[in-house]
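Trainee:
Here is the structure:
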């Protein structure tokens with residue numbers, strides 16, 4: 033297991049997809065902060081009202097959570113699909129599976145390294161968001177007051193989980209389809225379209241009698257988890273505990289399915 | 002050392018989901034220390050068989066033992082190096098980094114990477130990204146990766162595929178060098194000359210079935226002498242009296258005589274003395290190509 037983690041880390045530590053992904057996460061955070069800062073200091077330019085105080089460090093967790101889902105999650109799907117699917121298109125899967133460690137050990141090593149990269153991307157998101165909020169506060173002559181450590185930890189855990197779950201979806205599609213392009217396409221269409229339409233449809237059937245089915249979808253639970261951390265005027269329909277459990281079940285379920293496919297199928 | 006087998010299959014078969022029977026009851030044995038050529042036309046089932054031996058594909062039926070273990074068993078894979086079809090490496094990593102990735106996975110000391118780079122003469126270009134490598138360099142890196150574990154058994158699937166004539170010659174020399182000593186090399190190829198030059202024994206596969214397994218010499222057959230003479234019937238009559246009817250056959254206007262080439266002088270003298278004009282007299286050996294086409298039912302030149 034240590035050998036496979038070492039090997040996976042060596043090949044993925046400078047992988048362009050992860051480096052670009054981290055850069056994009058940082059870029060998106062900067063863009064969101066910059067846009068909101070402009071709106072807050074130029075009232076009346078648009079209908080949207082942004083409070084300057086919401087951009088200060090005390091609220092930076094709320095802001096990075098907004099950047100993390102769904103944009104960061106979509107990126108995690110792309111990275112997961114590339115991570116798993118390109119092993120087939122490059123023919124590298126046969127190279128690593130003929131070295132000695134069993135298929136499940138190899139898969140476990142891969143999952144650990146992918147989870148580590150999702151952690152790195154979460155760190156990037158939080159560091160960039162926190163730093164930008166500190167810059168705004170300093171520029172506006174405000175004292176820098178950070179949120180409670182518990183809030184930061186909860187936000188960090190939630191974003192890591194959302195990245196990991198969506199990354200696992202991309203990885204599973206990559207293994208299932210045995211290539212990256214189609215896998216990331218299917219994953220993005222699911223996250224940004226199919227799931228939203230399905231939930232809306234289920235909500236309307238029989239005056240909402242089947243809403244509980246809609247509440248089992250990934251996106252619904254991701255929103256509920258984020259809402260439990262950020263202040264919201266509307267109470268989420270799903271509790272934080274349920275959202276956590278459902279998302280954890282998705283993570284485990286997707287990784288088990290992908291591992292099972294890898295173990296059972298021929299590598300042609 | 003050569004009497005023990007390192008690869009053994011019994012009725013090994015693979016039928017794919019689409020119903021195609023790619024490998025049909027193959028009984029193959031590769032002896033320790035030999036260079037074994039796995040010969041067959043494209044699509045005959047060579048790669049499928051090799052994939053089964055390294056555990057990438059599960060057989061539909063039959064059994065196999067590789068380095069004393071079931072295919073794909075970590076203990077067996079630890080003693081087996083393989084290059085199956087095109088070498089698969091990460092295009093954004095250098096050749097050296099790719100080998101380090103493989104070395105880490107196989108729990109091999111990183112210093113071995115430099116040793117195998119030297120063996121395949123790739124050290125000077127090991128810092129370049131794999132994506133920029135030529136076909137020959139990719140193949141050599143594939144062989145280097147297969148050798149990282151200093152394996153008892155090296156399985157190479159068409160290692161000269163896509164190489165130019167010089168690259169092919171270099172690869173053949175490399176395989177010959179690797180095959181020295183106790184290491185076993187199982188080499189698949191559809192290139193007859195390659196197998197003839199490198200291998201001690203060969204197995205010929207056609208339409209998924211192993212149709213012949215023997216030494217190259219046995220496959221080619223006994224030594225002989227080719228005689229062209231006039232009148233041919235008189236020459237045949239005299240040679241039959243001298244060597245017996247079983248030693249004579251006629252093909253393309255020539256007599257094939259099963260005898261040692263050293264007897265050519267005696268044959269020439271006897272025919273001349275009998276007034277037969279001899280226009281050609283030379284040692285005759287069937288090429289592996291002729292045998293191959295005969296065994297596989299393929300047409301020459303097709």
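Chains as they are written, first to last, in the working numbering: chain A, 33 to 300; chain B, 2 to 303. Built from N, CA and C at the ideal position, the CB exists for glycine as well.
Can you tell me the Cα-Cα spacing of residue 39 of chain B and residue 78 of chain B, whole angstroms?
Mentor: Approximately 20 Å, taken between the alpha carbons.
Trainee: In whole angstroms, give me the CA-to-CA distance for residue 132 of chain A and residue 165 of chain B.
Mentor: In a straight line, the C-alpha of residue 132 of chain A is about 33 Å away from that of residue 165 of chain B.
Trainee: Could you list which residues in chain A have their beta carbon closer than 8 Å to that of residue 57 of chain B, in chain order?
Mentor: The answer, in chain order, is 126, 129, 130, 298, 299 and 300.
Trainee: State whether the stretch 124-142 of chain B contacts the stretch 153-163 of chain B, with contact taken as three or more CB pairs (one from each stretch) at a distance under 8 Å.
Mentor: The stretch 124-142 of chain B is in contact with the stretch 153-163 of chain B.
Trainee: Which whole-angstrom value describes the C-beta separation of residue 156 of chain B and residue 54 of chain B, a residue pair presumed to lie in contact below a C-beta threshold of 8 Å?
Mentor: At roughly 6 Å, the Cβ-Cβ gap stays under 8 Å, so residue 156 of chain B and residue 54 of chain B are in contact.
Trainee: Looking at the unbroken alpha helix (DSSP H) that takes in residue 210 of chain B, where does it start and where does it end?
Mentor: From DSSP, residue 210 of chain B is part of no alpha helix (DSSP H) but of the beta strand (DSSP E) over 210-216.
Trainee: Assuming residue 164 of chain A contacts residue 65 of chain A under a Cβ cut-off of 8 Å, what Cβ separation, rounded to an integer in Å, is found between them?
Mentor: About 4 Å separates the two Cβ atoms, so the contact holds.
Trainee: Can the beta-carbon of residue 206 of chain A be found closer than 7 Å to that of residue 196 of chain A?
Mentor: Not a contact, by the Cβ cut-off of 7 Å.
Trainee: Give the interface partners of residue 85 of chain B over in chain A, defined as CB-CB distance under 8 Å, in chain order.
Mentor: Correct list: 126 and 130.
Trainee: Using three-state DSSP, classify residue 158 of chain B as helix, strand or coil.
Mentor: Residue 158 of chain B: strand per DSSP, three-state reduction.
Trainee: Determine, using beta carbons only, whether residue 43 of chain A comes closer than 7 Å to chain B.
Mentor: Yes, residue 43 of chain A lies at the interface with chain B (some Cβ there is under 7 Å from its Cβ).
Trainee: By the DSSP assignment, the alpha helix (DSSP H) with residue 75 of chain B in it spans what residues?
Mentor: Unbroken alpha helix (DSSP H) run through residue 75 of chain B: 75-78.
Trainee: So, using beta-carbon positions, are residue 23 of chain B and residue 49 of chain B closer together than 7 Å?
Mentor: Their beta carbons are under 7 Å apart, which means residue 23 of chain B touches residue 49 of chain B by this criterion.
Trainee: Is the separation between the beta-carbon of residue 219 of chain A and that of residue 231 of chain A shorter than 7 Å?
Mentor: The answer is no: Cβ separation not under 7 Å.
Trainee: Quick one: Cα of residue 83 of chain B to Cα of residue 57 of chain B, how far?
Mentor: Straight-line Cα distance between these residues: approximately 11 Å.
Trainee: Looking at the C-beta of residue 108 of chain B, does it have a partner C-beta in chain A at a distance below 7 Å?
Mentor: True, the Cβ-Cβ gap to chain A drops below 7 Å.
Trainee: Is it true that the CB of residue 54 of chain A sits closer than 7 Å to the CB of residue 153 of chain A?
Mentor: Taking 7 Å as the Cβ cut-off, residue 153 of chain A and residue 54 of chain A qualify as a contacting pair.
Trainee: Using a threshold of 7 Å, state whether the C-beta atoms of residue 233 of chain B and residue 240 of chain B are closer than that.
Mentor: Not closer than 7 Å, so no.
Trainee: Is the stretch 93-111 of chain A touching the stretch 108-121 of chain B, taking contact as three or more C-beta pairs under 8 Å?
Mentor: Flag = no, the stretch 93-111 of chain A and the stretch 108-121 of chain B do not touch.
Trainee: Since residue 251 of chain A and residue 227 of chain A should fall inside the 8 Å C-beta cutoff, what is the C-beta to C-beta distance between them, to a whole number of angstroms?
Mentor: Contact flag correct, Cβ pair sits at about 5 Å.
Trainee: Give the single residue among B/182, B/21, B/31 and B/100 whose Cα lies nearest to the Cα of residue 11 of chain B.
Mentor: Of the candidates B/182, B/21, B/31 and B/100, the one whose C-alpha sits nearest the C-alpha of residue 11 of chain B is B/31.
Trainee: Kindly indicate which three-state DSSP category residue 261 of chain B falls into: helix, strand or coil?
Mentor: Three-state DSSP puts residue 261 of chain B in coil, outside helix and strand.
Trainee: For the stretch 126-187 of chain B, list the alpha helix (DSSP H) runs that are entirely contained and at least 4 residues long, ordered along the chain.
Mentor: If we require 4 residues or more, the alpha helix (DSSP H) runs fully inside the stretch 126-187 of chain B come out as 136-148 and 166-179.
Trainee: Keeping to the same chain, check which residues put their C-beta closer than 8 Å to that of residue 260 of chain B; ignore five residues upstream and five downstream.
Mentor: 224, 225, 226, 244, 248 and 268, listed in sequence order.
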